[in-house]
Amino acid sequence: MGNWNFPSRFLFLPLTVLALIAGPNKSTGADSNASYGIAMHGDLKYGPDFTHFDYADPAALKGGEVRMSAIGTFDNLNPYILKGVAADGLGNVFETLMAPSFDEAFSQYGLIAKTIETPPDRSSVTFTLRQKARFHDGTPITADDVVFSFNTLMEHGHPFYRSYFSSVDKIERLAERKVKFTFTPGDNRELPLIIGNGLPILPKTYWAGKDFTKTTLDPPMGSGPYKIDSVDPGRAITYHRVADYWGAHLPVNAGRYNFDTMRYDYYRDQTVALEAFKAGAYDFRMETASKVWATGYNFPALKRGLVIREEIPNQQPTGMQAFVFNTRRPIFKDPKVREALAKAFDFEWTNRNLFFGAYARTKSYFSNSELASSGLPSGDELVLLEEFSGQVPPEVFSSEYAPPTSQREGGMRANLREARRLLEKAGWVLKDNHLVNAETGAPLAFEILLANPQFERVAAPFRKNLERLGVDARIRTVDSSQYELRIEDFDFDMIVGGAGQSLSPGNEQRDYWSSKTADIPGSRNTIGIKDPVIDELIERVIAAPDRKTLITRTRALDRVLLWGHYVIPHWHIQAYRVAFWNKFSQPAVTPKYALGFGFWWVAPEKEAVLMAEKGAAVEADIVSMEDGDDEAEEEGLNAGELWLSIAAIAIIAFLMQWLRTRRRRDDE
Numbered sequence: 004m005g006n007w008n009f010p011s012r013f014l015f016l017p018l019t020v021l022a023l024i025a026g027p028n029k030s031t032g033a034d035s036n037a038s039y040g041i042a043m044h045g046d047l048k049y050g051p052d053f054t055h056f057d058y059a060d061p062a063a064l065k066g067g068e069v070r071m072s073a074i075g076t077f078d079n080l081n082p083y084i085l086k087g088v089a090a091d092g093l094g095n096v097f098e099t100l101m102a103p104s105f106d107e108a109f110s111q112y113g114l115i116a117k118t119i120e121t122p123p124d125r126s127s128v129t130f131t132l133r134q135k136a137r138f139h140d141g142t143p144i145t146a147d148d149v150v151f152s153f154n155t156l157m158e159h160g161h162p163f164y165r166s167y168f169s170s171v172d173k174i175e176r177l178a179e180r181k182v183k184f185t186f187t188p189g190d191n192r193e194l195p196l197i198i199g200n201g202l203p204i205l206p207k208t209y210w211a212g213k214d215f216t217k218t219t220l221d222p223p224m225g226s227g228p229y230k231i232d233s234v235d236p237g238r239a240i241t242y243h244r245v246a247d248y249w250g251a252h253l254p255v256n257a258g259r260y261n262f263d264t265m266r267y268d269y270y271r272d273q274t275v276a277l278e279a280f281k282a283g284a285y286d287f288r289m290e291t292a293s294k295v296w297a298t299g300y301n302f303p304a305l306k307r308g309l310v311i312r313e314e315i316p317n318q319q320p321t322g323m324q325a326f327v328f329n330t331r332r333p334i335f336k337d338p339k340v341r342e343a344l345a346k347a348f349d350f351e352w353t354n355r356n357l358f359f360g361a362y363a364r365t366k367s368y369f370s371n372s373e374l375a376s377s378g379l380p381s382g383d384e385l386v387l388l389e390e391f392s393g394q395v396p397p398e399v400f401s402s403e404y405a406p407p408t409s410q411r412e413g414g415m416r417a418n419l420r421e422a423r424r425l426l427e428k429a430g431w432v433l434k435d436n437h438l439v440n441a442e443t444g445a446p447l448a449f450e451i452l453l454a455n456p457q458f459e460r461v462a463a464p465f466r467k468n469l470e471r472l473g474v475d476a477r478i479r480t481v482d483s484s485q486y487e488l489r490i491e492d493f494d495f496d497m498i499v500g501g502a503g504q505s506l507s508p509g510n511e512q513r514d515y516w517s518s519k520t521a522d523i524p525g526s527r528n529t530i531g532i533k534d535p536v537i538d539e540l541i542e543r544v545i546a547a548p549d550r551k552t553l554i555t556r557t558r559a560l561d562r563v564l565l566w567g568h569y570v571i572p573h574w575h576i577q578a579y580r581v582a583f584w585n586k587f588s589q590p591a592v593t594p595k596y597a598l599g600f601g602f603w604w605v606a607p608e609k610e611a612v613l614m615a616e617k618g619a620a621v622e623a624d625i626v627s628m629e630d631g632d633d634e635a636e637e638e639g640l641n642a643g644e645l646w647l648s649i650a651a652i653a654i655i656a657f658l659m660q661w662l663r664t665r666r667r668r669d670d671e
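If you want it as structure tokens, here you go:
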């Protein structure tokens, strides 16, 4: 999962916005302090005369259309504010000063900025802008726009920006195309790159006289490779590639942004979206449900090779997906209660019965990376943690963290017995098969809030085990807009959340876990953590002077978070699961730290074959489903199951008619 329950408006932000620590680099030669890029350690992989990234194909064809899916709805085209639900794909409208490399852990190269300058202590950063950089109306991007963007986001943007850019002391316009950021004193060496890839540049003249804080469905002006072409509020949004995009010939963009048109169609939920994909309503799909991946892609178009199903290795840290406690709630303030409730989640049963054994249990906030803690602390990590002896759980020093498992003697019964003992120590007693507070008599009851109905099947057996303990847990699923509002206001007991991580943790850890962000609406500290030790470890991580120290400090932070029992860890997989209609070609090399779909292109010869055979394949899929329904009826389907099967066929038939007429659907 991506961000830690971060509003969807931010999901388009570059993944490496979280992975950017500056380091010494080669100069362009014109100025001993100016560089064409910056890396965390040592030299950049690509020299000053590089023409394209290794994972890009500069000969990629431009043209064609790609259709994708989105879930829920949207009501806003300004993705930088707290209000509303932003449309998918808006990141393609805007640009930043620097662009990341997806085959280097911590490197960036000039985009709007031609050069970047930093002193040895990284106390400031100066960007010189490209003369050719333009907004979509043809006006040049100037230092005034950079200053305006920063000030506007700090004063009127999403609270995230006030946290993320809090170490900026001042911003100065040095010349028409030169701007300087000065940082507050400290050791945060990633700040130049946080600005470089984390600050979207907005046009000052466009926003003059407009209220930035209000939601809008007016297409905004940007400087990126795409413009908004059409909007069907809440249902669909279409982008068209800018023919004279100023950055098209930059090395960082070679072989990228190849589709002429990108369209996102919105669906009620993933079940409807999958059936739409099978019917050919859109082209590319990422699958997150293992059961669906194992059983839901057996349809004629895939068997005939018209749809490709592929697992692409993911070398990024997978972060943490979990049941998340809201520790602002009185019942969850005691770590013993949180630890006890975690023992009611049976991952092994869930993985075996629901996920076809596809997942590994998550045991770290930095899973799938060298940043994850393991074993007992030793060496420099132990020395660091001993500074906080008496302030952290003693298990930090004495035990390796491992989430509860039912693969032990006694299985879940033993886990639930231990949970009961912990709850008794925390002051909860059993009365008429219900746990109540020994002092107040209040029941131990809470709500598990979901936005994705597919998670109900995960939450239901967890709820049943909680019931065996005497806990009254209720499951409630709401639509995406309600969910987002409740998360932003911290109006929940427990959710399914995800904290995405990078190879270079930094400023974003404050927003995830720090006391300063715990009470800021819309922050990613949904847990509500307020712990001075965690605050200090975050600052140590941010100030790490080298890779070795960063790893040591991150592992220490990871260990303290884990033993705080703030979440009930779920699972992870080390691959992207994708399915797509066979109209695309892609570069020979896949980037190490990204999926790289933005570097794919429509291959005309494949598309021609696909279009000739697609209709027949979809018709065959409908016939196949009808036959399957007849067989199911003979096996004794009840009326409700039969109705659902008929409804599924009706949905596909509707989508087929929609494809034939190319008319906009009336209802989704």
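Position one of the sequence shown corresponds to residue 4 (this note's numbering), numbered consecutively onward. Here a beta-carbon is modelled for each residue, glycine too, at the ideal position from N, C-alpha and C. All values derive from a computational prediction rather than experimental measurement.
(1) Gly87 by DSSP, collapsed to three states: which one?
(2) Would you mind sorting Gln410 into buried or exposed? The rule is 16 or more other CB atoms within 10 Å of its CB.
(3) Can you tell me which of the three DSSP states Asp475 falls into?
(4) What separation, rounded to the nearest whole angstrom, lies between the Cα atoms of Leu452 and Met614?
(5) Where does Arg332 fall in DSSP's three states?
(6) So the candidates are Ala441, Arg479, Arg423; which of them puts its Cα closest to the Cα of Glu450?
(7) Give the straight-line distance between the Cα atoms of Trp566 and Pro396, rounded to the nearest whole angstrom.
(8) Between Pro226 and Ile334, is the Cβ-Cβ spacing less than 7 Å?
(9) So, at 6 Å on beta carbons, what are the nonlocal neighbours of Asn8 in its own chain, with the 5 sequence-adjacent residues on each side left out?
(10) Mapping the DSSP letters down to three states, classify Ile530 as helix, strand or coil.
(11) Is the beta carbon of Asn81 less than 7 Å from the beta carbon of Thr298?
(12) Quick check on the burial criterion: 16 or more other C-beta atoms within 10 angstroms. Buried or exposed for Asp190?
(13) Looking at C-alpha atoms only, which residue of Arg137, Ile576, Met71 is the closest neighbour of Phe359?
(14) Sort Lys586, Met323, Gly601 by Cα distance to Glu608 and report the nearest one.
(15) Asp349 and Met265: beta carbons closer than 7 Å?
(16) Check whether the Cβ atoms of Gly199 and Leu100 lie closer than 7 Å to each other.
(17) In chain order, what residues of the same chain have a beta carbon less than 6 Å from the beta carbon of Thr129, not counting five sequence neighbours either side?
(18) Report yes or no: do the region 169-177 and the region 228-236 share at least 3 C-beta pairs separated by less than 8 Å?
(19) Give the C-beta separation of Ile541 and Gln512 to the nearest angstrom, bearing in mind that I take them to be a contact with Cβ-Cβ under 8 Å.
(20) Mapping the DSSP letters down to three states, classify Arg113 as helix, strand or coil.
(21) Mind pulling the beta strand (DSSP E) runs of 3 or more residues that sit fully within the region 34-63?
(22) Using only alpha-carbon positions, find the residue among Glu616, Val581, Pro203 that is nearest to Glu314.
(23) Whose CA, out of Arg341, Phe262, Asp482, Ser526, lies closest to the CA of Pro572?
(24) Around the C-beta of Gln394, are 16 or more other C-beta atoms found within 10 angstroms, so that it is buried, or is it exposed?
(25) Tell me whether Glu139 is buried or exposed, calling it buried when 16 or more other Cβ atoms sit within 10 Å of its Cβ.
(26) Considering only residues of the same chain and omitting the five flanking positions on each side of Asp337, which have a CB-CB separation below 6 Å?
(27) For Ala178, tell me which candidate among Thr155, Pro195, Asp147 has the shortest Cα-Cα distance.
(28) Since I believe Phe583 is in contact with Ile311 (beta carbons under 8 Å), could you give me their beta-carbon distance rounded to a whole number of angstroms?
(29) Can we say the region 375-395 touches the region 547-561, given the rule of at least three CB pairs closer than 8 Å?
(30) Quick test of your reading: Asp475 and Ala448, contact by CB under 8 Å. State the CB separation rounded to the nearest angstrom.
(31) As a quick exercise: from Asn418, Gly75, Val69, Asn510, pick the residue whose alpha carbon is nearest that of Tyr242.
(32) Quick check on the burial criterion: 16 or more other C-beta atoms within 10 angstroms. Buried or exposed for Asp91?
(33) How long is the line joining the alpha carbons of Ala136 and Thr185, rounded to whole angstroms?
(34) Can you tell me the Cα-Cα spacing of Gly675 and Thr593, whole angstroms?
(35) Using only the alpha-carbon positions, how far apart do Pro206 and Thr142 sit?
(36) Identify, in the order they occur along the chain, each residue of the same chain with its Cβ nearer than 6 Å to the Cβ of Ala462, setting aside the five sequence neighbours on each side.
Put simply:
(1) coil
(2) Exposed is the call here.
(3) strand
(4) 42 Å
(5) coil
(6) Among Ala441, Arg479, Arg423, the Cα nearest to that of Glu450 belongs to Arg479.
(7) 7 Å
(8) Pro is not the amino acid found at residue 226; the sequence shown has Ser there. Contact: no.
(9) Summary for Asn8: the model assigns pLDDT 45, below 50, so the residue's position carries little reliability; its value from the coordinates is reported in the next sentence. So the list reads Ile490, Gly500, Thr529, once near-sequence residues are dropped.
(10) DSSP places Ile530 in coil when its eight states are reduced to three.
(11) no
(12) exposed
(13) Ile576
(14) Scanning Lys586, Met323, Gly601 for the CA closest to the CA of Glu608 turns up Lys586.
(15) no
(16) yes
(17) Here the set comprises Glu120, Lys183.
(18) In this structure the region 169-177 does not touch the region 228-236; the number of beta carbon pairs closer than 8 Å is below three.
(19) 5 Å
(20) First, the amino acid is wrong: residue 113 is Gly here, not Arg. In this structure, Gly113 counts as strand in the three-state DSSP scheme.
(21) 40-42
(22) Ranking Glu616, Val581, Pro203 by CA distance to the CA of Glu314 puts Val581 first.
(23) Measuring from the Cα of Pro572, the nearest candidate turns out to be Arg341.
(24) exposed
(25) The amino acid occupying residue 139 in the given sequence is His; Glu does not appear at that position. The residue in question, His139, is buried, as its Cβ has 16 or more Cβ neighbours within 10 Å.
(26) Ala429
(27) Asp147
(28) The distance from the Cβ of Ile311 to that of Phe583 is about 6 Å, consistent with a contact at the 8 Å cut-off.
(29) yes
(30) 4 Å
(31) Val69
(32) buried
(33) 24 Å
(34) Past the boundaries of the shown model lies residue 675; the chain is included only from 4 to 671, so the question cannot be answered.
(35) Their backbone Cα atoms lie some 9 Å apart in a straight line.
(36) Cβ within range, chain order: Ile451, Ile478.
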